[in-house]
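Line order of the protein sequences matches chains A and B.
The first sequence begins at 14 in my numbering and counts up one residue at a time.
The second sequence begins at 13 in my numbering and counts up one residue at a time.
Here a beta-carbon is modelled for each residue, glycine too, at the ideal position from N, C-alpha and C.
Heads up: the structure comes next, in structure tokens.
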Amino acid sequence: MALAEAVLSTLILIATFWLLIARQVRAAINGYAAQSILLGGLAIALFAASHLPHLLALGILTIVIKGAVIPAVIKIQVRGTSYRRRETAYYVGFPTALLIGAGLSLIGLVAASRLPFHTDLLSEPVLGLAIAVILVGLFTTMARRDAVLQLAGLLAAENGLLLVGLVVSPGLGLLIEFALFLDVLIGVVVMAFLIARMHETIASTDTSELSRLRG
Amino acid sequence: MIDASLLVAVVALPLLAALLSLVVAPRFQMPLAVMLQVATFGIALTLIARTLQTGRIQAFSSWLYLDSLSGVVMLVVAVVCVLAAVYSVGYLRHELRERAINPSELRKYFFLFHLFVFAMLLVTISGNLGLLWTSISATTLASAPLVDFYGSHEPLEAAWKFVVLTVAGSLIALLGMLLLYQSGVGPLGTTFDFSIPVLAGAASHLSPTLAATAFLLVLVGFGTKAGLAPMHTWLPDAHSQAPSPVCAMLSGAELNCALLGIFRVYTLTAPAAGATTLRTALLVFGILSMVVAIAFLISQRNFKRLLAYSSVEQMGLIAVGVGVGTPVALIGSLLLVVTHGLTKCLMFFASGNLLLRFRTTTITEIRGVVRAMPWTALLLVAGALAIAGAPPFGVFISEFSIITGAFAGHLWALGAVIAALILLGFIPLVAPFHRMTFSNAATGEAVAGAELSTMSLLPALALLGAVLVIGIWIPTPLNQLLHNAAAVMAR
Numbered sequence: 014m015a016l017a018e019a020v021l022s023t024l025i026l027i028a029t030f031w032l033l034i035a036r037q038v039r040a041a042i043n044g045y046a047a048q049s050i051l052l053g054g055l056a057i058a059l060f061a062a063s064h065l066p067h068l069l070a071l072g073i074l075t076i077v078i079k080g081a082v083i084p085a086v087i088k089i090q091v092r093g094t095s096y097r098r099r100e101t102a103y104y105v106g107f108p109t110a111l112l113i114g115a116g117l118s119l120i121g122l123v124a125a126s127r128l129p130f131h132t133d134l135l136s137e138p139v140l141g142l143a144i145a146v147i148l149v150g151l152f153t154t155m156a157r158r159d160a161v162l163q164l165a166g167l168l169a170a171e172n173g174l175l176l177v178g179l180v181v182s183p184g185l186g187l188l189i190e191f192a193l194f195l196d197v198l199i200g201v202v203v204m205a206f207l208i209a210r211m212h213e214t215i216a217s218t219d220t221s222e223l224s225r226l227r228g
Numbered sequence: 013m014i015d016a017s018l019l020v021a022v023v024a025l026p027l028l029a030a031l032l033s034l035v036v037a038p039r040f041q042m043p044l045a046v047m048l049q050v051a052t053f054g055i056a057l058t059l060i061a062r063t064l065q066t067g068r069i070q071a072f073s074s075w076l077y078l079d080s081l082s083g084v085v086m087l088v089v090a091v092v093c094v095l096a097a098v099y100s101v102g103y104l105r106h107e108l109r110e111r112a113i114n115p116s117e118l119r120k121y122f123f124l125f126h127l128f129v130f131a132m133l134l135v136t137i138s139g140n141l142g143l144l145w146t147s148i149s150a151t152t153l154a155s156a157p158l159v160d161f162y163g164s165h166e167p168l169e170a171a172w173k174f175v176v177l178t179v180a181g182s183l184i185a186l187l188g189m190l191l192l193y194q195s196g197v198g199p200l201g202t203t204f205d206f207s208i209p210v211l212a213g214a215a216s217h218l219s220p221t222l223a224a225t226a227f228l229l230v231l232v233g234f235g236t237k238a239g240l241a242p243m244h245t246w247l248p249d250a251h252s253q254a255p256s257p258v259c260a261m262l263s264g265a266e267l268n269c270a271l272l273g274i275f276r277v278y279t280l281t282a283p284a285a286g287a288t289t290l291r292t293a294l295l296v297f298g299i300l301s302m303v304v305a306i307a308f309l310i311s312q313r314n315f316k317r318l319l320a321y322s323s324v325e326q327m328g329l330i331a332v333g334v335g336v337g338t339p340v341a342l343i344g345s346l347l348l349v350v351t352h353g354l355t356k357c358l359m360f361f362a363s364g365n366l367l368l369r370f371r372t373t374t375i376t377e378i379r380g381v382v383r384a385m386p387w388t389a390l391l392l393v394a395g396a397l398a399i400a401g402a403p404p405f406g407v408f409i410s411e412f413s414i415i416t417g418a419f420a421g422h423l424w425a426l427g428a429v430i431a432a433l434i435l436l437g438f439i440p441l442v443a444p445f446h447r448m449t450f451s452n453a454a455t456g457e458a459v460a461g462a463e464l465s466t467m468s469l470l471p472a473l474a475l476l477g478a479v480l481v482i483g484i485w486i487p488t489p490l491n492q493l494l495h496n497a498a499a500v501m502a503r
């Protein structure tokens, strides 16, 4: 079990890095889908070990909604324009982004080791990886100019939070997790709506063209 | 039983209104909105009155929970929302006449309007901290499409920035919430009810490190949504690009919902983490917000952005008041939540009239308001004095209490800094409205003298009356509510 959890959570962080350095919108969305499926897999693996029924529901929901539905919604929303375009615009170059991402991951691991945790289900390093996923995800949102990639960064960070949730509060309950899912789903719909509006208004999803408001 | 029904009704009604607004014809949208929002307002007041009698009310094993602290926020949200519904009628009728919008867009407007009210009221009655987080996040999701309502380049830019930054903030706050849960695992076991009463009961036994970390993350996360510097950068954009009734709700009501999240986690973590640490953090963010906001107030050319930066300043001051932490300062802060909410709402209504008449938000392009729109002129001048903190209005009493509170706690330097910052912000806020109102219109460009409509004036006049009354004599029930809420915060 310990081996499976370590492998899966490391793969989740790798998927987050994939998203961070993706050169195509398509690759970033696939990175998010992969990250979600791995996370769902981890929840199911934890169910196998603990027999907490809501972990199974959480795992299936994660794979279906985040691994399939949300990526599909985003793909439909950006089809034809920026989806296959290479070299999407960014504020931070790839080597720098990788370095900063690595630094943030270290911070996550160190922070997790310094907090006093009681965990039964997952071990402390997983918490470190989870915080690293959150930080790298949020950094992706800041480093990219493309609205779709900014959205993908936020979603990746949210998966990191779900992983933190698995570590620190397996007893938090299904209802809360449902509320979170609903929130994410509505968030994606709202942001996808705004991205569609960008296509109409500025014929692109490059947010650096949205810079008229100042002062 | 009655309490449970009322708690459900206060969120069910706006939700029902949202669903109805999807199916009714455009000409029924406005009467429907006003009717259902007035009913919601009535229920909210009943709930607050019951909280005053019994201390707190809860239902469904504390999933829904209302005490004096959330009651204060519910009061502002309810007043601002019902008046925004009435003001929307005057505002949108004018926009329809001018063909700035078409009747089919009313459906979208009111659907989102009601959802926004639903989300904000749900924040005030959330007893489960997971639900509290979810509903605070939901306020962003309901209001962002409203910011983009006019659908051109600038509103879209504002809406996108708003969503990206506040969602990122919400995620940081969620990490804080999860650490808060973890901090309770020691005293309460791995599986416990993540509700306000349960955590409050174990508050002094929470893990101190985790509780302090949780509060800091929530402060940064929800502070982003409350517009605290340096995470405030989205606020002037969003609060100036939305339609004016929505601006009033964003500034007057929504910011307070984010503050409630911070306050609630403060009350739960302070006993274990030590109030001094938490207060220091509040003071740092609060003072920084005031300084940054005043710098932007001074050079501001757009009157809606001016009001938005004033919100950043006031949110900072509210945080400072809690950071001071003495009973008088706490009451001052909570009173400022109420008086800032009402006064800022008044100012967005009045400046909305200005925008509709003159079709610009540039201060220097507007002259001679006192002749063109005498009632709006009165509202603007009195409102600007009120929001800047001049006596005898409510904001003055609140600010005075915070400063007095600092002196009472022997924080002499801090009290002096707060007073100096408030004074620095006074002229840049009052002068532009004074200039637009009293300077003479250049010959030939005088605007024909007419107010827009009664509906566009009455809500603002009601608010002016309210902040004047509060400034002179705080009504006993409100005073009681504030004292009870301060007691919750000081526990």
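From A:Ala17, A:Leu69, A:Ala81 and A:Leu68, pick the residue whose C-alpha is nearest to that of Tyr45 of chain A; which is it?
A:Ala81
So with Cβ pairs under 8 Å, would you call Ala226 of chain B a contact of chain A?
no
Under three-state DSSP, which class holds Ala35 of chain A?
Reduced to three states, the DSSP call for Ala35 of chain A is coil.
At a cut of 8 Å, does the stretch 120-130 of chain B reach the stretch 165-175 of chain B through at least three beta carbon pairs?
Taking 8 Å as the limit for Cβ pairs, the verdict is that the stretch 165-175 of chain B does not touch the stretch 120-130 of chain B.
Can you give me the C-alpha to C-alpha distance between Ala215 of chain B and Ala389 of chain B, rounded to a whole angstrom?
50 Å
Minimum Cβ-Cβ distance from Leu262 of chain B to chain A less than 8 Å
No, no contact with chain A.
Got a sec? Which residues, its chain only, sit under 8 Å from Leu366 of chain B by beta carbon, not counting five neighbours each side?
Phe315, Ile378, Val381, Met385, Thr388, Leu392 and Met448
Helix, strand or coil for Tyr121 of chain B per DSSP?
In the structure shown, Tyr121 of chain B sits in a helix (DSSP, three-state: H, G or I).
Can you find the residues in the same chain that come closer than 8 Å, C-beta to C-beta, to Leu44 of chain B, ignoring five residues on each side of it along the sequence?
Excluding residues within five positions, the ones whose Cβ falls inside 8 Å are Ala29, Leu32, Ser33, Val36 and Phe122.
Any beta carbon of chain B sitting closer than 8 Å to that of Phe130 of chain A?
yes
Check distances from the C-beta atoms of the stretch 100-130 of chain B to those of chain A and list, in chain order, the residues that come in under 9 Å.
none
Phe30 of chain A at chain B interface by Cβ criterion, 8 Å:
no
Quick one: is Met325 of chain B near chain A, going by C-beta distance under 8 Å?
For the sequence presented, residue 325 of chain B should be read as Glu rather than Met. Using beta-carbon distances, Glu325 of chain B does not count as an interface residue toward chain A, since no partner is under 8 Å.
How many whole angstroms separate the CB atoms of Val22 of chain B and Leu59 of chain B, which I take to be in contact at a CB cut-off of 8 Å?
6 Å
Does any residue of chain A have a CB that is nearer than 8 Å to the CB of Ser219 of chain B?
yes
In three-state DSSP terms, what is Asp160 of chain B?
coil
Could you list the residues in the stretch 149-163 of chain B with a C-beta less than 9 Å from some C-beta on chain A, going in chain order?
Ser149, Ala150, Thr152, Leu153, Ala154, Ala156, Pro157, Asp160 and Gly163
Based on DSSP bridge pairs, tell me the residues matched to Thr374 of chain B.
B:Asn314
Using a Cβ cut-off of 8 Å (strictly closer), state whether Asp159 of chain A contacts chain B.
So, not an interface residue.
Taking the beta carbon of Leu119 of chain A as the centre, do at least 16 other beta carbons fall within 10 Å, making it buried, or is it exposed?
exposed
What is the DSSP secondary structure of Asn43 of chain A, counted as helix, strand or coil?
It is helical.
Assuming Gly417 of chain B contacts Ala293 of chain B (C-beta within less than 8 Å), just tell me the rounded distance between them.
That belief does not hold up - the Cβ atoms of Gly417 of chain B and Ala293 of chain B are roughly 18 Å apart, past 8 Å.
Let me make sure I understand the geometry here. Which of B:Ala402, B:Leu494, B:Gly353 and B:Trp75 has the alpha-carbon closest to that of Leu95 of chain B?
B:Gly353
Leu59 of chain A: which of A:Val201, A:Ile76 and A:Ala17 sits nearest, CA to CA?
A:Ala17
Specify whether the stretch 319-330 of chain B and the stretch 46-63 of chain B touch according to this definition: at least 3 beta carbon pairs, one from each stretch, less than 8 Å apart.
no
C-alpha gap between Tyr99 of chain B and Ala472 of chain B, whole angstroms:
8 Å
Name the chain B residues that come within less than 8 Å of Asp196 of chain A, Cβ to Cβ?
Thr146, Ser149, Ala150 and Leu153
Ser100 of chain B (DSSP reduced to helix, strand or coil):
helix
Does DSSP put Ser207 of chain B in a helix, a strand or coil?
strand
With a cut-off of 8 Å on the beta carbons, I'd call Ile42 of chain A and Ile87 of chain A a contact; round off their distance for me.
6 Å
From B:Met467, B:Ser149, B:Lys120 and B:Asp249, pick the residue whose C-alpha is nearest to that of Leu133 of chain B; which is it?
Across the set B:Met467, B:Ser149, B:Lys120 and B:Asp249, the C-alpha of B:Ser149 shows the shortest separation from the C-alpha of Leu133 of chain B.
Helix, strand or coil for Leu119 of chain A per DSSP?
helix
Following the continuous beta strand (DSSP E) through Ile69 of chain B, name the residue where it begins and the one where it ends.
Per DSSP, Ile69 of chain B is one residue of the beta strand (DSSP E) stretching across Arg68 to Ala71.
Could you compute how far the alpha carbon of Ser217 of chain A sits from the alpha carbon of Leu247 of chain B?
Approximately 24 Å between the Cα atoms of the pair.
Members of the stretch 248-261 of chain B near chain A, C-beta cut-off 7 Å
Asp249
Considering only C-alpha positions, which residue in the set B:Leu231, B:Ala320 and B:Leu319 is nearest to Leu295 of chain B?
B:Leu231
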